[in-house]
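Undergrad: This is the structure I have questions about; it appears just below.
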Amino acid sequence: MKPMPAKQILMGINGDEAVAYAAKHALVDVCAAYPITPQTIIVEKFAEFVANGEVETEFVRVESEHSALSACLGASAAGARTFTASAANGIELMHEVIFLTSSIRQPVVMAVADRSPSGPINIHGDQTVSLAQRDTGWIMIYCENSQEAYDSTLQAFRIGEHPDVQLPVMTMLDGFVLTHTLENVYLLKDADAHKFVGRRQPMMITIDGKQVPLKLDPKTPITIGPLQLFDYYMESKLQHSEAMEKARPVVTQINNEWAQLTGRKYGDGYLQPFKVTDADAVILTTGSSAGTARFVTRQLRAQGKKVGLLKLRTFRPFPDKKIAKLLADVPVVGIFERTHTTGSLGGPLFNEVRSALYDLDTRPTILGYYGGLGGRDVTPDHFRTIYKELLKIKDTGKSPRNPIKYITVRK
Amino acid sequence: MTQETPQWRPKLKDIADQEELFTSGQRLCAGCPAGSMARMAMHALPRPKNTIVSQATGCLEVASTIYPYTAWRVPWMHSLFENAPANASGIEAAYKARKRQGLEDDIPDLLVFSGDGSGFDIGVQAASGAIERRHNFLYIIYDNQAYQNTGIQRSGATPKYAWTTTSEVGKAVPGKPTWKKPIALVYAAHDPEYCATASVYHWRDFMMKVRKGMEKQGPAVIVVLAPCHRNWRYPEELGMKMAKLAVETCFNPLWEYDGETRTYTMSAPSMQFVKDPSKKKPIEEWLEPQGRFRHLFRPTRRDDLIQDFQNLVDEDWEFIKRLTEM
Ligand SMILES: Cc1ncc(C[n+]2csc(CCOP(=O)(O)OP(=O)(O)O)c2C)c(N)n1
Ligand SMILES: [Mg+2]
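If you read the sequences in order, they're chains X and P.
For the first sequence, my numbering assigns the number 41 to the initial residue and increments by one for each residue that follows.
For the second sequence, my numbering assigns the number 118 to the initial residue and increments by one for each residue that follows.
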């Protein structure tokens with residue numbers, strides 16, 4: 041651990057608790073949430089803060105996830121800083137509201153304790169559900185460990201509420217691997233955290249020549265959520281897209297500010313390359329798998345094998361140009377994703393990364409690996425196997441006809 | 118039941134002087150009683166300058182806020198079809214939290230509008246949850262007895278035998294096969310602070326109920342029958358008459374539930390039919406003018422179905438009478 045600019049408190053907590061502390065430190069005005077494994081500890085811990093008077097948050101214990109995000113949306117439109125958390129079936133139930141939240145441009149922050157979709161019903165982790173939200177227009181950040189879950193959740197409020205952005209942010213932490221596993225996590229002191237996040241400032245808009253806050257306020261009545269048909273809908277979509285583009289530098293800027301405050305930095309906020317520059321084979325992955333992959337990368341490097349890891353942290357906005365730059369000279373790339381898609385050539389990570397590399401003069405050979413589904417343990421052997429295959433392709437120059445593979449699956 | 122405080126009784130003269138908060142220019146069908154309903158409700162607000170509206174998807178929503186126009190002079194938000202009470206829960210929570218932090222000095226009143234689609238069917242869960250959590254809001258469900266906005270599909274509010282585009286009338290089936298949900302009783306059973314049924318025709322009764330519901334500290338629900346000439350198929354100028362007949366036939370009994378005393382009371386417009394049952398009109402008088410019930414009368418008169426409808430109305434009416442007996 042690097043020297044720490046601000047004095048921090050070391051705690052042995054799990055990922056869910058780390059997120060709950062972040063929500064507490066973020067001075068959330070309204071939290072509305074519904075329990076679901078493996079997210080439950082977040083709401084339970086937060087309920088504890090409420091019960092002990094440690095937060096000034098209005099905690100709405102709604103009757104469903106659909107209502108959880110709907111309440112957050114209403115609260116946010118009324119000017120509040122809002123937070124919710126969910127997983128799998130809960131995210132799927134609120135899917136309708138997820139789209140709406142971003143299109144109404146409310147910077148709600150939501151932690152997703154990633155869990156596999158039903159069915160068969162399964163409470164353990166993979167990233168299929170969160171990545172299925174990729175077109176909902178949210179900023180999406182994947183966390184490698186509990187420390188990053190705390191850090192990213194706090195950063196999320198700053199990113200989403202930035203005047204240029206005004207978009208909701210999802211922070212993902214892998215079910216059980218992070219949510220339920222104790223780690224050492226550095227937490228900011230209350231005052232330092234509060235200074236970093238500040239209070240939410242409403243956007244100002246001009247109506248009839250007057251500056252009014254973009255919020256539900258009887259002093260300055262406005263209409264939020266009107267009907268837009270073919271004459272305006274596309275313009276709204278374009279604005280949404282522009283906001284996402286404007287978020288690009290903001291993600292990096294907040295990541296840098298955070299580094300100054302805490303000594304912790306996650307690459308440029310998007311990607312964390314490890315030994316990529318001269319690598320013969322690179323694995324790209326996201327979330328907690330990156331930690332395991334880094335361990336293996338380090339081992340293989342010690343044995344003289346030229347392998348590298350590219351950890352993807354921010355999935356939206358997708359850092360396509362950065363990825364292309366980093367992988368331009370890498371002969372073989374393997375994408376390991378804990379998602380499952382059928383009837384398409386690979387999962388969402390594979391698709392997006394492959395597409396990002398399309399414009400390169402010489403494109404790497406790219407393989408996609410599905411693994412760790414339904415909470416199946418992602419072990420160092422996964423990555424040893426993948427690196428072995430990638431290096432063989434590099435050496436023989438022969439790539440497999442089907443680039444998509446399942447790893448550790450019984451036939 | 119004793120009356121504690123003198124009740125607000127709206128006078129037309131006073132209303133005429135009040136600012137319109139639901140304004141002209143909205144694009145509901147000519148003669149749509151849902152528009153009259155919204156206008157009356159807004160004129161009955163105890164704190165018109167301090168009220169926020171949360172609105173569910175439906176005719177009233179699509180017709181009143183077609184971007185870049187809005188018919189609302191209060192802060193107004195539409196989010197989805199089934200979540201308006203949840204949305205309102207959040208709005209209240211935002212103001213509560215910010216008031217506690219000294220950032221707001223008042224918590225505005227909250228009014229939620231939805232049609233029978235959300236109020237009877239897809240949004241019952243969100244409404245039930247919001248009432249159970251005791252948020253301070255009035256939920257007005259305007260019941261036009263079908264999903265009108267999407268082209269007249271049956272809902273849980275559609276009565277038996279009514280034609281809609283998903284309860285078609287054919288040789289084998291004479292319209293909707295089942296009766297409507299007693300949704301106001303379902304909400305009253307949640308023991309909100311206040312619950313009532315109303316009619317757009319009985320404007321004073323409706324407005325007084327809105328005022329009461331808004332003044333209660335806690336959840337309140339009003340289900341108000343608002344005819345729809347596109348579905349019910351009556352001449353568009355007869356909307357109020359259809360609403361009136363629904364009360365006179367006791368199809369739409371008007372009553373109130375008081376959460377404090379946990380009692381049901383028959384409202385004045387319906388009370389006359391308790392006092393003098395001979396005034397109660399046969400249901401035929403309400404059914405006959407409506408094209409959606411045409412097959413009960415033409416090509417051949419179906420006395421069996423008309424009688425069945427009458428029995429269902431009578432059963433409900435007797436039940437409400439028992440409920441409101443003191
Ligand atoms: C989840 C969802 N399902 C379906 C719809 C389509 N839809 C929009 S409004 C509506 C019916 C509205 O009916 P009601 O609430 O009775 O209001 P009305 O239009 O009759 O005034 C439907 C089915 C939707 N918007 N959202
Ligand atoms: Mg309707």
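Note that beta-carbon positions come from the ideal geometry of N, C-alpha and C, so glycine has one too.
1) Considering only the alpha carbon of each residue, which of Ile248(P), Ala188(P), Arg215(P) and Leu162(P) lies closest to Arg101(X)?
2) Closer than 7 Å: is that where the CB of Leu177(P) sits relative to any heavy atom of ligand 1?
3) Does the beta-carbon of Thr267(P), which I'm using as the reference point, lie nearer than 7 Å to any heavy atom of ligand 1?
4) Looking at the C-beta of Ser142(X), does it have a partner C-beta in chain P at a distance below 8 Å?
5) Label Ile239(P) either buried or exposed according to how many other C-beta atoms from any shown protein chain fall within 10 Å of its C-beta, with 16 as the threshold for buried.
6) Comparing the C-beta of Ile269(P) with each C-beta of chain X, is any distance below 8 Å?
7) State the CB to CB distance for the pair Pro291(P) and Leu422(P), rounded to an integer number of angstroms; the pair is presumed to be in contact (CB under 8 Å).
8) I want to check one thing, is the minimum distance from the CB of Thr174(P) to the heavy atoms of ligand 1 below 7 Å?
9) Would you tell me roughly how many angstroms separate the C-alpha atoms of Gly383(X) and Lys432(X), rounded to the nearest one?
10) State the CB to CB distance for the pair Leu311(X) and Arg378(X), rounded to an integer number of angstroms; the pair is presumed to be in contact (CB under 8 Å).
11) Which value, in whole angstroms, describes the spacing of the CA atoms of Leu255(P) and Arg155(X)?
12) Flag this pair as touching only if the region 262-270 of chain P and the region 181-191 of chain P have three or more C-beta atom pairs under 8 Å; answer yes or no.
13) Since I believe Glu178(P) is in contact with His160(P) (beta carbons under 8 Å), could you give me their beta-carbon distance rounded to a whole number of angstroms?
14) To which residues does DSSP link Trp403(P) through a beta bridge?
15) Looking at the C-beta of Val83(X), does it have a partner C-beta in chain P at a distance below 8 Å?
16) Hey, is Ser206(P)'s beta-carbon within less than 8 Å of any beta-carbon in chain X?
17) Can you grab the Cα-Cα spacing for the pair Arg379(P) / Asp308(P), in whole Å?
18) Run through chain X and tell me which residues come within less than 7 Å of Pro192(P), C-beta to C-beta.
19) Using 8 Å as the Cβ pair cut-off and three pairs as the minimum, do the region 67-76 of chain X and the region 161-172 of chain P touch?
20) Any heavy atom of ligand 2 within a distance shorter than 7 Å of the CB on Asp233(P)?
21) Decide if Ala147(P) is buried, meaning its Cβ has at least 16 other Cβ atoms within 10 Å, or exposed.
22) For Trp280(P), does the three-state DSSP call read helix, strand or coil?
23) Give the secondary structure of Lys47(X) by DSSP, where H, G and I count as helix, E and B as strand, and everything else as coil.
24) Return helix, strand or coil for Ala289(P), following the three-state DSSP convention.
25) Interface residues of chain X around Gly246(P) at Cβ under 8 Å?
26) Based on the DSSP output, what are the partners of Ala125(X) in its beta bridges?
27) Would you call Pro420(X) buried or exposed, if buried means 16 or more other Cβ atoms sit within 10 Å of its Cβ?
28) Give the DSSP-derived three-state secondary structure of Ala398(X) in the structure shown.
29) If you measure from the CB of Ala263(P), is any heavy atom of ligand 2 nearer than 7 Å?
30) Starting from the C-beta of Glu435(P), find all residues in its chain whose C-beta is less than 8 Å away, skip the five residues before and the five after it, and write them out in chain order.
31) Which residues in chain X have a C-beta closer than 7 Å to the C-beta of Ala158(P)? List them in chain order.
32) For Ala305(P) and Val340(P), I'd like the C-alpha separation in whole angstroms.
33) Taking 8 Å as the cut-off, decide whether the C-beta atoms of Glu223(X) and Ser281(X) are in contact.
34) Less than 8 Å between the CB atoms is what I'm expecting for Val70(X) and Glu98(X), so what's the real figure, rounded?
35) Can we count Ser272(P) as close to ligand 2, meaning its CB is less than 7 Å from some heavy atom?
36) Take the Cβ of Ala201(P) as the centre, count every other Cβ of all protein chains shown within 10 Å, and call the residue buried at 16 or more, exposed below.
TA: So, from the data block:
1) Walking along the first sequence from the start, residue 101(X) turns up at place 61. Considering only alpha carbons, the answer is Ile248(P).
2) Translated into the one-based positions of the second sequence, residue 177(P) becomes position 60. Leu177(P): yes, Cβ under 7 Å from ligand 1.
3) Residue numbering aside, residue 267(P) sits at position 150 when the second sequence is read from its first letter. Judged by the Cβ position, Thr267(P) qualifies as a neighbour of ligand 1 at the 7 Å threshold, a heavy atom of the ligand being closer than this.
4) Stepping through the first sequence from its first residue, residue 142(X) is reached at position 102. Output row for Ser142(X): interface = no.
5) Within the second sequence, residue 239(P) is the residue found at index 122, counting from 1. By the neighbour-count criterion, in which a residue is buried when 16 or more other Cβ atoms sit within 10 angstroms of its Cβ, Ile239(P) is buried.
6) As a first step, residue 269(P) is located in the second sequence; it is residue number 152 there, counting from the start. No, no contact with chain X.
7) Against the second sequence, residue 291(P) aligns to sequence position 174. Against the second sequence, residue 422(P) aligns to sequence position 305. Confirmed, Cβ separation roughly 6 Å.
8) What you label residue 174(P) is simply residue 57 of the second sequence in a count that begins at 1. Flag set: Cβ of Thr174(P) near ligand 1.
9) Sequence index remark: in the first sequence, residue 383(X) carries index 343 (1-based). Sequence index remark: in the first sequence, residue 432(X) carries index 392 (1-based). For Gly383(X) and Lys432(X), the distance between alpha carbons rounds to 28 Å.
10) On the first sequence, residue 311(X) is found 271 positions in, with the first residue counted as 1. On the first sequence, residue 378(X) is found 338 positions in, with the first residue counted as 1. Rounded, the Cβ-Cβ distance is 18 Å, inconsistent with contact.
11) Against the second sequence, residue 255(P) aligns to sequence position 138. Against the first sequence, residue 155(X) aligns to sequence position 115. Rounded to the nearest angstrom, the two C-alpha atoms are 38 Å apart.
12) Output reads no: the region 181-191 of chain P does not touch the region 262-270 of chain P.
13) For the purposes of this step, residue 160(P) is taken as residue 43 along the second sequence, with counting starting at 1. For the purposes of this step, residue 178(P) is taken as residue 61 along the second sequence, with counting starting at 1. With a contact defined as Cβ atoms closer than 8 Å, His160(P) and Glu178(P) miss out at about 20 Å.
14) The sequence position of residue 403(P) within the second sequence is 286, counting from 1. According to DSSP, Trp403(P) bridges with nothing at all.
15) Here residue 83(X) is taken as the residue at index 43 of the first sequence, counted from 1. By this cut-off, Val83(X) is not an interface position.
16) In the second sequence, the residue the question calls residue 206(P) occupies position 89. With 8 Å as the cut-off, Ser206(P) counts as an interface residue toward chain X.
17) Counting from one through the second sequence, the residue named residue 379(P) turns up at place 262. Counting from one through the second sequence, the residue named residue 308(P) turns up at place 191. Those two C-alpha atoms are separated by around 7 Å.
18) Here residue 192(P) corresponds to residue number 75 of the second sequence, with the count starting at 1. Those are Leu256, Asp257, Pro258, Pro261 and Ile262, listed as they occur along chain X.
19) no
20) Residue mapping note: residue 233(P) aligns to position 116 of the second sequence, counting from 1. At least one heavy atom of ligand 2 is nearer than 7 Å to the Cβ of Asp233(P), so yes.
21) What you label residue 147(P) is simply residue 30 of the second sequence in a count that begins at 1. Classification of Ala147(P): exposed, given that the 10 Å Cβ count is below 16.
22) By 1-based counting over the second sequence, the position of residue 280(P) is 163. Coil at Trp280(P), not helix or strand.
23) Position 7 of the first sequence holds residue 47(X). Correct three-state label for Lys47(X): coil.
24) By one-based count along the second sequence, residue 289(P) stands at place 172. In this structure, Ala289(P) counts as coil in the three-state DSSP scheme.
25) If you number the second sequence from 1, residue 246(P) lands on position 129. What Gly246(P) touches in chain X: Val102, Glu103, Ser104 and Ser107.
26) Residue mapping note: residue 125(X) aligns to position 85 of the first sequence, counting from 1. Its beta-bridge partners are Ala151(X).
27) Translated into the one-based positions of the first sequence, residue 420(X) becomes position 380. Exposed, since its Cβ has fewer than 16 Cβ neighbours within 10 Å.
28) The residue given as residue 398(X) occupies position 358 in the first sequence. Looking at the sequence provided, one finds Tyr at residue 398(X) rather than Ala. Reduced to three states, the DSSP call for Tyr398(X) is coil.
29) Taking the second sequence and counting its residues from 1, one reaches residue 263(P) at position 146. True, at least one ligand heavy atom lies under 7 Å from that Cβ.
30) What you label residue 435(P) is simply residue 318 of the second sequence in a count that begins at 1. Close CB contacts of Glu435(P) within its chain, under the 8 Å cut and outside five residues either way in sequence, are absent.
31) Walking along the second sequence from the start, residue 158(P) turns up at place 41. Correct list: empty, because the minimum Cβ distance to chain X is about 16 Å.
32) Taking the second sequence and counting its residues from 1, the one referred to as residue 305(P) is at position 188. Taking the second sequence and counting its residues from 1, the one referred to as residue 340(P) is at position 223. If you take the alpha carbons of Ala305(P) and Val340(P), they lie about 11 Å apart.
33) The residue labelled residue 223(X) in the question sits at position 183 within the first sequence. The residue labelled residue 281(X) in the question sits at position 241 within the first sequence. In this structure, Ser281(X) does not lie closer than 8 Å to Glu223(X) by Cβ.
34) Taking the first sequence and counting its residues from 1, the one referred to as residue 70(X) is at position 30. Taking the first sequence and counting its residues from 1, the one referred to as residue 98(X) is at position 58. With 8 Å as the limit, Val70(X) and Glu98(X) qualify as a contact, their Cβ atoms being about 5 Å apart.
35) Here residue 272(P) corresponds to residue number 155 of the second sequence, with the count starting at 1. Because some heavy atom of ligand 2 lies under 7 Å away, the Cβ of Ser272(P) counts as near it: yes.
36) In the second sequence, the residue the question calls residue 201(P) occupies position 84. Buried, by the Cβ-count rule.
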